[in-house]
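Each remark here refers to the structure printed beneath this line.
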Amino acid sequence: MKLLPYIINGISVGGQYALIAIGYTLVYGILRLINFAHGDVFMVAGLVMVYATASMPFYLALPLAILVTVILGFTIERVAYKPLRSAPRMSLMISAIGVSYLIQNLAFYITGGVPQPVTHPIPWISDQVMLLGVSTKRVTLITPVLTILLVLLLVYLINHTKIGMAMRAAAKDFETAQLMGIKINSVISMTFVIGSFLAAVGSMLYFTNYPSVAITSGGMPGLKAFVAAVFGGIGSIPGAVVGAFIIGLCEELIKGLGYTTFSDAFTFALLIVVLCVRPTGLFGEKVTDKV
Amino acid sequence: MDLSRKKKIFTALVLFVVLAGCIVLDVVLPSYHIAITVIKKATVYALVAVSMNLLNGFTGLFSLGQAGFMLLGAYAYGVLTIPVAKRAIVYQYFDGGVIHFSLPEVFGSIFGTAVGSVIGMLIALLIGGILAALMAYLIGLPVLRLKSDYLAIATLGFAEILKAFFQWNKLGPVTNGSNLLKSYPVFDHATPYVILAGLMIAVILLLINSTYGRAFKAIRDDEVAAEAMGINLAKHKRMAFIISSFFAGIGGGMMAMYSGTIAAAPFKSAMTYEILLIVVIGGIGSITGSVIASFLYIISSEWLLRGLDSGTFLGISAPGVFKNGFRMAVFSVIIMVIVLFFRKGIMGERELPDLLQKRSKKKKGAAK
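Sequences listed follow chains A and B, in order.
The first sequence begins at 1 in our numbering and counts up by one.
The second sequence begins at 292 in our numbering and counts up by one.
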């Protein structure tokens, strides 16, 4: 049973990936864009949390971190993606890579390139608890529960509210949705706001487990969350969540078996296999090419 | 004199001036001078950027695996050229490694030390390129069926997998695990880099202007139409991918030569992004643009904008603002401006000879 701690950890990591993956999947569903900057938004959320918790009480710091992240996500969309609405998809992707580069370099400038230690981990959730004879932080237990709750809330939002209906329409057919009087720009902004909000929550949970936030901390979780989104079928929220949990679990199990070097490589190998065998993922819709 | 002949003379003149300037710099300046370093690094980046442009700009395959292929080329070069006598030190954790020969020394014993070691180094570079091409063939089998962004993320993934393999301790006797490879022979002067990269780029240019190149461009512009015209999509895509990776591998080997040490860690996705952004700055679909952008990028980031990081820039001293990292922050803002507002980059799709054409058109306009 020496793998048990890894399984518990895997479920927790999976939940954190799920929160990031939703941001990818929502944006891809509407804009058909891999938002390469999403991982960096996640990293910025962690940095803001570190700075904010060091100088103010938690009930102010955490909402502030979420707010800053949401504003960042919103701004990125308005500045870097909106002007390229009619440009080829490649330009949009290049812009996303440029934003990612910009955020990392700005973060490097602000932090001086030094990983910022998490001096004030969020109380209560970073306490040690015993679970099935394994010592772990409480965040490990909170994460899956919180993730599921947020996802249910999001699914409700998408299926039963007006903005949710607009988002579905935009994902189905961008141009027709516009013709039907949907304000496409506010819908897209909304997806970025939701995605960034979830990434901020994920970031708080994620960095509770880590001693510091470095400027490159966002890259790997970001890519893995994207893989999770593809694995589950990009554009599908349940798919992203299931994919994220599977990837989190596999990754931790591989670490548990002693192949830590390959835990990242495995994720990408999985991605390539999925893309080649079933490009639409577990829950994705089949897309046919139009000439 | 007709225009095409003028163009040829103009191009030859520019290339000659560049080469002559480089030789003069090499003779006048010591090899550790910043100008020489910048030229070396910029030529390496130029080669890799052109190889990426061949794929992303001319064939329309959005691949982000460049760093992985460079990694292969760099390691092949290092592993094959470290002198036998120094292997015990370099591979100190792996009993001197499993490879007990060094190409420059093998050829040195045949052709004499000076000539032989150069031949050995070149062959090591070539082997790096071939390995990268072989890897590209294997990767291409499953991956090239994917479209645009899926292709991008899959190639990015492959680069990460390669990186993990090269850091794996079990392969340590060959790759030295996560430790540095060093002490291999390098070219000290800038001219060999310029000539090597120049030749490679010339080959790519010939390819682009051949029937294959036109097929690549047709695929980029409209896949379905290209297929209808009888172009074998799978074959041409694979070919572009393999050729691009071959030159990326050679570029990786030259990168190893430039930096003097090899580790897997720097060949991460950020390096691919950097090269992609260079291609974008230069203009997607312009070889000249990629070369110019590489030089601009490297010269300003390594040399001209250094002051932004160290307190004083253009005579303005503001240590509070101009501190470590400011240079790259300014740089990435410039890149974003280019990406958003000057989507064609410096050159658009024009090449070096076209510069002349534009000017002569203007002259004609003035004469009227």
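No residue lacks a Cβ here, since even glycine has one placed at the ideal position from N, Cα and C.
Using a C-beta to C-beta distance shorter than 7 Å, which residues of chain A count as neighbours of residue i?
i	result
ALA620(B)	ASN105, LEU106 and TYR109
VAL630(B)	ILE94, SER95 and GLY98
Below 6 Å CB to CB, which residues in the same chain sit around residue i once its five sequence neighbours on both sides are set aside?
i	result
PHE538(B)	SER342 and MET491
LEU472(B)	GLY369 and ILE553
THR563(B)	LEU355, GLN357 and ALA358
GLY29(A)	ALA171 and GLY235
LEU643(B)	THR302 and THR579
LEU498(B)	GLY504
ILE495(B)	VAL341 and LEU345
LEU275(A)	none
LEU425(B)	none
Can you tell which of the options has its C-alpha closest to the C-alpha of residue i?
i	options	result
VAL241(A)	ALA65(A), SER100(A) and VAL145(A)	VAL145(A)
VAL339(B)	GLY364(B), ALA326(B) and VAL318(B)	GLY364(B)
TYR259(A)	TRP459(B), LEU471(B), TYR336(B) and ILE583(B)	TRP459(B)
LEU67(A)	MET220(A), VAL274(A) and ALA199(A)	ALA199(A)
LEU125(A)	THR280(A), GLY239(A), ASN209(A) and TYR59(A)	In the sequence as displayed, the identity of residue 125(A) is Ile instead of Leu. Cα-wise, what sits closest to ILE125(A) is ASN209(A).
PHE249(B)	VAL485(B), ARG618(B) and ASN500(B)	There is simply no residue 249(B) to check, as chain B begins at 292 and stops at 659 in what is shown.
ALA661(B)	PRO123(A), LYS137(A) and VAL230(A)	In this structure chain B extends from 292 to 659, so residue 661(B) is not present and cannot be described.
ILE589(B)	ASN467(B), ARG296(B) and ILE330(B)	ILE330(B)
VAL465(B)	ILE390(B), MET619(B), VAL621(B) and ARG618(B)	ILE390(B)
THR191(A)	ALA166(A), GLY181(A) and GLN178(A)	ALA166(A)
GLY133(A)	GLY284(A), ARG278(A), ILE8(A) and PHE266(A)	ILE8(A)
ILE94(A)	LEU596(B), LEU567(B) and MET619(B)	LEU567(B)
ILE122(A)	TYR28(A), LEU3(A), ALA52(A) and VAL41(A)	ALA52(A)
GLY573(B)	VAL630(B), ALA555(B) and HIS324(B)	VAL630(B)
ALA506(B)	MET638(B), GLY403(B) and LEU524(B)	LEU524(B)
GLU565(B)	LEU64(A), ALA65(A), ARG89(A) and ASN105(A)	ASN105(A)
ALA488(B)	TYR366(B), LEU416(B) and MET638(B)	LEU416(B)
SER536(B)	ALA481(B), TRP594(B) and GLY419(B)	GLY419(B)
Less than 7 Å between C-beta atoms, sequence neighbours within five positions excluded: which residues of the same chain meet that for residue i?
i	result
SER212(A)	PRO115, GLN116, PRO117 and VAL118
GLY164(A)	LEU157 and ILE158
VAL397(B)	GLY411
ASP479(B)	SER322
LYS508(B)	PHE349
THR267(A)	LYS224, VAL227, ILE247 and GLU251
Can the beta-carbon of residue i be found closer than 8 Å to that of residue j?
i	j	result
ILE541(B)	ALA547(B)	no
TYR6(A)	LEU253(A)	yes
ILE626(B)	GLY112(A)	no
ALA107(A)	VAL50(A)	no
GLY636(B)	VAL571(B)	yes
VAL295(A)	LEU205(A)	No information on residue 295(A) is available, as it lies outside the stretch 1 to 291 that chain A covers here.
PHE532(B)	GLY431(B)	yes
ASN35(A)	ALA96(A)	yes
MET360(B)	GLY543(B)	The sequence as given places Phe at residue 360(B); Met does not occur at that position. Yes.
PRO395(B)	PRO483(B)	no
GLY10(A)	LEU249(A)	yes
LEU672(B)	LEU352(B)	Lying outside 292 to 659, the shown extent of chain B, residue 672(B) is not represented and no answer is given.
VAL624(B)	LEU102(A)	yes
ASN185(A)	LYS255(A)	no
LYS377(B)	SER439(B)	no
Using a C-beta to C-beta distance shorter than 9 Å, which residues of chain A count as neighbours of residue i?
i	result
ARG641(B)	Under the 9 Å cutoff, chain A gives no residues; its nearest Cβ is about 19 Å from ARG641(B).
Below 7 Å, is the gap between the Cβ of residue i and the nearest heavy atom of the ligand ATP?
i	result
MET165(A)	Although the ligand ATP was asked about, the structure shown includes no ligands whatsoever.
Based on the DSSP output, what are the partners of residue i in its beta bridges?
i	result
PHE130(A)	For the record, residue 130(A) in the displayed sequence is Met; it is not Phe. MET130(A) pairs with SER135(A).
LEU472(B)	ILE553(B)
PRO117(A)	SER212(A)
Go through its chain and collect everything with a Cβ distance to residue i's Cβ below 8 Å, but skip five positions before and after it.
i	result
LYS290(A)	The predicted position of LYS290(A) is uncertain, since its pLDDT is 46 and thus under 50; no value can be drawn from it.
VAL70(A)	VAL193, SER196, PHE197 and ALA200
VAL155(A)	ILE237 and PRO238
LYS659(B)	Only weak support exists for where LYS659(B) lies, its pLDDT of 37 falling under 50; the value from the coordinates is given anyway. So the list is empty, once near-sequence residues are dropped.
ALA333(B)	SER585, PHE586, TYR588, ILE589 and ILE590
ASP512(B)	GLY351
Which residues in chain B sit within 7 Å of residue i, going by Cβ to Cβ distance?
i	result
ASP40(A)	Chain B residues near ASP40(A): none, gap ~11 Å exceeds 7 Å.
ALA269(A)	ILE452
ALA169(A)	Correct list: empty, because the minimum Cβ distance to chain B is about 22 Å.
LEU377(A)	This structure leaves residue 377(A) out entirely; chain A is present only between 1 and 291.
ASP264(A)	GLU451 and ALA455
THR261(A)	ALA455, GLN458 and TRP459
ILE66(A)	The premise fails here: ILE66(A) is roughly 25 Å from chain B at the closest Cβ pair, so nothing lies under 7 Å.
At 8 Å on the CB atoms, spell out the chain B contacts of residue i, in chain order.
i	result
GLY112(A)	LYS614, ASN615 and GLY616
ILE272(A)	PRO433, VAL434, ALA445, GLY448 and PHE449
PRO279(A)	LEU437 and TYR441
For residue i, go through chain A and note every residue whose CB falls closer than 8 Å to its CB, in chain order.
i	result
PHE353(B)	MET90 and MET93
TYR428(B)	In chain order: nothing, as chain A lies at least about 15 Å away.
Please list, in chain order, the chain B residues whose beta carbon lies closer than 9 Å to that of residue i.
i	result
PRO306(A)	Past the edges of chain A, shown from 1 to 291, lies residue 306(A), and the structure says nothing about it.
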